[in-house]
Each structure stands twice: as structure tokens, then as C-alpha cells.
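Visitor: At position 174 of the sequence shown the residue is numbered 174 (full-length UniProt numbering), and the sequence of numbers has no breaks. All residues carry an ideal CB built from backbone N, CA and C; glycine is no exception.
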Amino acid sequence: MLITAHYAQLNAQLHADRPDYGTSGQRWAPVVAALADRVKAGDILDYGCGKQTLAAALAARQVRGYDPAIPELSAEPKPADVVVCTDVLEHVEPDCIDDVLDDLCRVTQKAALITVATRPAVKKLADGRNAHLTIQPFSWWREHFLSRFDIVDVREEEGNEFTLILKALHAEDLDLSGFRLPQPANPSKPAKTATPDAAATVTSILVDDKRLKFHTPNRMTQWRVESLFTKEPDTIAWLKQMKSGEVLVDVGANVGMYSVFGAVCRGVQVHAFEPESQNYALLNSNIALNGLSGRVVAYPLALSDTSGADKLYLSDFSPGGSCHSFGEQVGFDLKPRGSAFAQGAFSVTLDQLVSAGSVPVPDHIKLDVDGFEHKVIAGALTTLRDPKVKTVLVELNTHLDEHRQVIQTLHELGFSHDPQQAQGALRASGAFEGVGEFIFTRQLEKKVELIQRTTLRLPMSSRARDVLHHVLERVAQAPVTDAPFPHAVIDDVFPPDYYAEMLRQFPALSSMRPLSETGRVGKDNYKERMTTLFEESDFARLSQEQARFWRELADWMYSDTFLQAFVEKFHQALEPRIAAVQRAEGQLNVRGDALLVNDQTRYAIGPHTDAPHRLVTFLFYLPSDTSMQELGTSLYRPKQADFTCWGGPHYPHAKFDQVGRVDFLPNRLLAFPKTERSFHGVEPIDRADVNRRLLINNIRLTNRVMY
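1) Could you tell me the alpha carbon to alpha carbon distance between Leu146 and Glu161, rounded to whole angstroms?
2) Going by the CB atoms, is the gap between Val394 and Glu373 shorter than 7 Å?
3) By the three-class DSSP mapping on this structure, what secondary structure does Ile699 have?
4) Put Asp593 into one of helix, strand or coil per three-state DSSP.
5) Answer with buried or exposed for Ala641, where buried requires no fewer than 16 other C-beta atoms within 10 angstroms of its C-beta.
6) Hey, how far is the Cα of Asp686 from the Cα of Lys375?
7) Note down, one range per segment and in chain order, each beta strand (DSSP E) of at least 3 residues found wholly within the stretch 568-628.
8) Let me know the secondary structure DSSP gives Gly424 once reduced to three states.
9) Taking His470 as part of the alpha helix (DSSP H), name the residues at either end of that continuous run.
10) Taking a contact to mean a Cβ-Cβ separation below 7 Å, would you say Gly660 touches Asp610 in this structure?
11) Going by CA-CA distance only, name the one from Ala121, Tyr258, Asp127, Pro77 that's closest to Leu104.
12) Taking its Cβ as the centre, do 16 or more other Cβ atoms sit within 10 Å of Asn698, making it buried, or is it exposed?
13) Taking Gly434 as the reference, give the member of Asp333, Leu125, Thr306 with the closest Cα.
14) Measuring straight from C-alpha to C-alpha, what distance separates Ile165 and Ala171?
15) Return the residue from the list Leu212, Phe179, Lys167, Ala41 that minimises the CA-CA distance to Phe261.
16) Just checking, does the stretch 234-252 make contact with the stretch 215-223 on the three C-beta pairs under 8 Å criterion?
17) What did DSSP end up calling Met706 once you bin it into helix, strand or coil?
18) Just how far apart, CA to CA, sit Glu437 and Gln582?
19) Report the three-state DSSP secondary structure of Val662 (helix, strand or coil).
20) Provide the residue span of the alpha helix (DSSP H) that contains Leu381, from first to last.
21) In terms of DSSP beta bridges, what is Gln343 paired with?
22) Met530 lies in the beta strand (DSSP E); which residues open and close that run?
23) Compare the C-alpha of Gly25 against each of Ala56, Ala34, Tyr299, Ala356 and name the closest.
24) Which runs of the beta strand (DSSP E), 3 residues or longer, sit entirely within the stretch 224-265?
25) Hey, would you say Asp102 sits closer than 7 Å to Leu2, going by beta carbons?
26) Answer with buried or exposed for Leu396, where buried requires no fewer than 16 other C-beta atoms within 10 angstroms of its C-beta.
27) Closest by CA to Asn279, which one among Gln329, Gly245, Gln343?
28) Quick check on DSSP: helix, strand or coil for His680?
29) In three-state terms, what does DSSP make of Arg148?
30) Should the stretch 296-306 be called in touch with the stretch 268-287, which here means at least 3 C-beta pairs below 8 Å?
31) According to DSSP, simplified to helix, strand and coil, what is Pro196?
32) Smallest Cα separation from His571: which of Gln9, Leu615, Phe643?
33) Taking Pro68 as the reference, give the member of Ala8, Pro30, Gly42 with the closest Cα.
34) Would you kindly work out how many angstroms separate the C-alpha atoms of Ile70 and Arg119, rounded to a whole number?
35) Do Pro387 and Gln564 count as a contact pair if the criterion is CB distance below 7 Å?
36) Spatial neighbours of Gln269 within its chain, please: C-beta separation below 6 Å, excluding the five flanking residues on both sides.
Printed below as a string of C-alpha cells:
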């Protein structure tokens, strides 16, 4: 429900009694026009348009008005390229706010301009209530927007009103980078200028129209604010590359300078670790001061290569201090050093936190723990193997063997770094000479665009994320066998309870149709292969519970994260092909193509390498027991040693030698990159009453150039 009948009447009365009510839209006309031009909007929807002053101000554009409190404007609005919703949301009834936000998400085709007020209104309703019915801090609004949109920009208006530019989640190709709201006519503070507030304990900075606030109880914390952009400029530049909604793990967060910057200025989700008691308290105070509860989560933990309680030796007992050491009385150079104070602390490894589900696999990791960086890396090796981790920024001391080994370790894990960047970040003199921030980026991080024919993709559920994490761990541990062509066999690929659910949700034969009826093969071919394509027309044959389950599975299986894991796994075989496609067209475009199959008696398929447009093939075996072990996929080598095929024909078995078979066992995955030698097939099934069930997924190239 968007509005109750009673409240609609009260609003109608306000419109009648107050000529100025609902007239603020016109002030946003210049920004709306700029946004519409940027996204090439064909139409604009003024959502909660009141007296339609925005439409009057933009008379040359196609502006439609919607307002549930005005009968002639209350019809359900159609989606528009740009949606404007100003001076509206704070007036919505609390019980209706989620429905209204969902409706805003529905009608926004490309982008939206939205304002919210976080203070009471001057006006009152006829029943005596304040006209602002939903009064919440901006952190609350931020969370509600982020579940439905990407936040492009936010501008704070005197601390109690906020203006946002939002991008529709489905508008993945829309580039709004660099689009910014104009600064207020009389900004109260200059950008990037630190000025103490009246209380003299809070210092604020205005950065690109976003205000950061920090408690500064002493000179050290004041210096941290003043030097935010000069102390580690590469760290700021690195943070600015992050995307809204990505996850940052900040190890050695101190009082939260970079955690707050990332959350406020980039919209990232931060998990911050700081074991020192005074810094941890101030870190939480700064999180609260900036309205980031839930957006930045702080933990009073030291990250290391082991878990357990020990002493944290402090260099100085004061807020904002650094160069503390856990478990050893040493300095940042790992040489013995006395301490001013010792407190108790507890250490864990990042791998333990991720494995337990306490912290998600991060997109980015920042690591600055004054000498013990190598220990944190040693406790994060499994996490760092996950292809979801895109970048790692780590402070390294180039004079330490342990730190030089970190560079080698990260390279072996698939990351690379720019030596010029690292050299430029090194301190040239002083106590920290030779220490600097190294930025590591995962290699082979190709831009992969998963284009699906159907509308199966939904926001990934918690269960889907857990299953994906399990699958990726199994993938990371599995070896690649090179003969007769590169492939990996991965057992226990799904969690046991999820695999059991897959078997329960597998379609009955009566709900499936022969492959010959799908249009993918000739009408007389492969009638013994029964299929359910991952398309809505086939899902309509299933129960609602079954369709919901397989849609959720498609969500993670079609994800960039899943695909990237196999690009990494088979990089040696895929690199030449990917490079050729990118040289020709500049970008690799792919989509997932999945189907459920149930092979019956007399099914067989001759040796073939798969169609040319396939990049990677996944055969998930789904038997309930081991009784069909011999019905696995056969691996072939042509009898003519130099024979190759880039795809298409299925060849007679007689022209090939069967050199292997991947047994058809429960919860097993056979995955391989499509190459000119990836000959595989299925020997004729002679057994009666066979139900050979699989989930097949193919990553398909949609580029014109295939190899």
C-alpha cells in the first residue's frame, strides 16, 4: 500500500489549505535537466508531484506527474527513464514506506533524483500530527536505498536534509561516473578544509559535497584529519576506485579515517579491525558520528596467522596512537622495543572469520598493522584465493625479508602490482624510510558481462551466497588435469544439504521435454535427452517451489564471481582465446546458459569439443547414489594425432580412443574450457530404466569473434 485513504484525504486538505504546499519541485529543474541529458532520458516522472511546478519549469521536456493524494494524478505510474521524488518520502506513512520505495525502484528505468529530510516539518496535518511522518537518520535511509539502487552521489543540506542521485540496479551499462550534484550556493565549509566545530572536539571535512566528521580529542587525532589527503595519497586514490556496495576489510583501522572515507564517499560496506582499546572506542564514535551504524562494523580484534589471547604492547597510551604490536614487544621494524602499556587482546585469522560467515569475502583489503602484515597475509591465504577479492593494499617495509616475501606470496596468489606506484609510495627519509603502500590487483580480471536471455537474476540471497562460497572453496582446492585436455573434477561441490535439496527439486520426467523439441538440435536427434531449459517457458512447467529454487541457483551460477573462479582455474588454456577476442572487439561478452537434463536408455553422444561459442562447460552430476558410476562422461583422443576441431560436429566413436572416464558419482562436477582438443562424449547407455540426471551450464561467448 502506497497511502491510506485517511492520509490521502489529509494531504488533499493540505493542498487545498496551503497554496505553497507541494510547490518545491521547480527548484530542482536544473539538476533534473542535467541528469536527464546525461542518461539520454526520453521521459521524466515526478513522483509525488504536488502542484506540478517541476513540469512547468521543464515545459520543453516530457514530464509526467504522479501524486496519490491528487485524484486526477493518482493512477499507477508507468516507468520512466528519470524519476524525481523531492520533498515526499519524509511525508510517507511509516507502514507504507517500504512499499513506496519498492514502487520507486519499479518505476526507475535509469536514474533518480531523491531528497529526504531527517527533521520534523514546520507544517502539521489536520489531525495534529507533524507533516513529516517518517523521521529517520540518514544512515537508515542509506540502507533502504542501497537495497534497491546504486548510490551515485549524496549532498548534505545543513545536516538535516539530503539529496541523492540513484542509479537503477538493472542499468548496469549506464555510466554515471563523475556526475555530481552542484554545491549549495553558500556552502558552510570549504571542501577539504578541516575546521573545528564549536565544541572543539569534532573536526569536519567537506569532500566532494560529502561531509566527514571525526572526534579529535587530542593533537594526534587532529593531525590525522588534517593529513587525510597527504599522508597516504595512494590510499585515497585506491579508495576512490571502489564501487558502491563493495566490501572493504580494513585491518588496522585506527580511529577509522579510511573506513569512514570509504563508507561516506564511496558507499562501500566496511569491516574494520582495531584491537587497541582507545582507538576502538574512538573508531566506534566516529562511525556513529557519521551515521554509519551497520555500514561500518568495527571489531576489537587483532588479525594474525593464529587465534588466541595475548598482550597488545602499546607504543603510547593515547587515542590515535599507532605502532602497537600483538604478542611480541617489537617495533614496526620487528626489532625489540619496550612498551608504554600492555593491554589484553584477542587475535583471529581472516580465513576463520570468512569461513564462519562472520565476515563476507571482501572485494578489497586494506592492511596496515605496523610490521605484522606478513602474519595477517598468512592467515588469509584461502580468502585471497577467492576471485571475489579484487585488490589488496598493504603497507610493507622493504627492508624486511618477511615483507618482501609478502610480495612473492601475493604474486603466486594471482595478484600483480605496479613497481612505479610502490616506489613512489615509499618514504624517502626518516624513521619509516623504505616503508610504503603497495597496491596489488588480481591478474586476469577481465570485464565479463553476463547477458541472460531470461529475467532469472534476482538479488543474491543469503543461502545463494553461502553455496557460492562453498563451491568456490572446492574449486580453489581442485587440481587441473592437463590430459587429454585441461579439466577439473570436483567432488562434494555442493554442501550436502543443498545437494539433497537439488535432488528433491529436480523436475519429474512429465515436466521435461526432449532436447529435440527445444530447437537446439534437429527434430530427430537426442530424443532420449529430456530437458528443462533455464527459461521462463520451461520454468512454467514446474511447481512454484521448484522454479524458485532453480532461479536462486541461477543467480549465483550466472554471477561474475562464479565465472571468474574458472577463468582463474583454466587461465593457461583460456588466455590466448580471451586475448584474441579482446584484441578484436575490446571486450569479452558472455552469458550463462543452463539446463537440467535426464538422459534415458539408448542416449549417447559422440566425441565433440562443444560449439565454438562456448567458453567453459560445467557438468554437475546429480545421481542419488553410486549405482550409475559407469555412465560418466568419456574423454577422448583422436586416433589421428594432429586432428583438431573448433566445434560443431559430433564424430563417430570409432575415430577416437577413449582415454578416460569421469565416473558418474553424486555431487561431482566436471568442468573444462572449450578448446580445439576438448573431445568428450557419452558412450551408448544400454541399461534399462535409466535416469541420468545432470545440471549443465555453459558460459557462452556473444562476441562475433570466437577465438
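Guide: Checking against the coordinates, here is how it stands:
1) Rounded to the nearest whole angstrom, the CA to CA distance from Leu146 to Glu161 is 18 Å.
2) Result yes, Cβ atoms of Glu373 and Val394 sit closer than 7 Å.
3) Strand.
4) DSSP, reduced to helix, strand and coil, places Asp593 within a strand of the structure shown.
5) Of the residues assessed, Ala641 falls on the exposed side of the cut-off, its CB having fewer than 16 other CB atoms within 10 angstroms.
6) For Asp686 and Lys375, the distance between alpha carbons rounds to 57 Å.
7) Runs found: 588-599, 605-608, 614-621.
8) Here DSSP, grouped into helix, strand and coil, assigns Gly424 to helix.
9) Start and end: 462-477.
10) Cβ atoms of Gly660 and Asp610: not closer than 7 Å.
11) For the residues Ala121, Tyr258, Asp127, Pro77, the minimum Cα distance to Leu104 belongs to Pro77.
12) Burial check for Asn698: the Cβ neighbour count within 10 Å reaches 16 or more, so the residue is buried.
13) For the residues Asp333, Leu125, Thr306, the minimum Cα distance to Gly434 belongs to Asp333.
14) Taking the straight line from one Cα to the other gives about 14 Å.
15) The option with the nearest alpha carbon to Phe261 is Leu212.
16) Verdict: no, contact absent.
17) Coil, per DSSP.
18) Computed Cα separation, rounded: 31 Å.
19) DSSP places Val662 in strand when its eight states are reduced to three.
20) Per DSSP, Leu381 belongs to the alpha helix (DSSP H) from 381-385.
21) Gln343 is bridged to Leu312.
22) Annotation: the continuous beta strand (DSSP E) that includes Met530 extends over 529-533.
23) For Gly25, the nearest C-alpha among the options comes from Ala56.
24) Runs found: 247-251.
25) Contact flag unset, no.
26) The residue is buried, with at least 16 neighbouring Cβ atoms inside 10 Å.
27) Minimum Cα distance to Asn279 is reached at Gln343.
28) Per DSSP, reduced to three states, the secondary structure at His680 is strand.
29) The answer is coil: DSSP assigns Arg148 none of H, G, I, E or B.
30) The answer is yes - the stretch 268-287 touches the stretch 296-306, with three or more Cβ pairs under 8 Å.
31) The predicted position of Pro196 is uncertain, since its pLDDT is 37 and thus under 50; a value taken from the coordinates is nonetheless stated next. The answer is strand: DSSP assigns Pro196 an E or B state.
32) Comparing Cα-Cα distances from His571 to each of Gln9, Leu615, Phe643, the minimum goes to Leu615.
33) The shortest Cα separation from Pro68 among Ala8, Pro30, Gly42 belongs to Ala8.
34) Straight-line Cα distance between these residues: approximately 25 Å.
35) One thing to note: Gln564 has its Cβ within 7 Å of the Cβ of Pro387.
36) Once the five neighbours on either side are set aside, the close Cβ partners of Gln269 are Val247.
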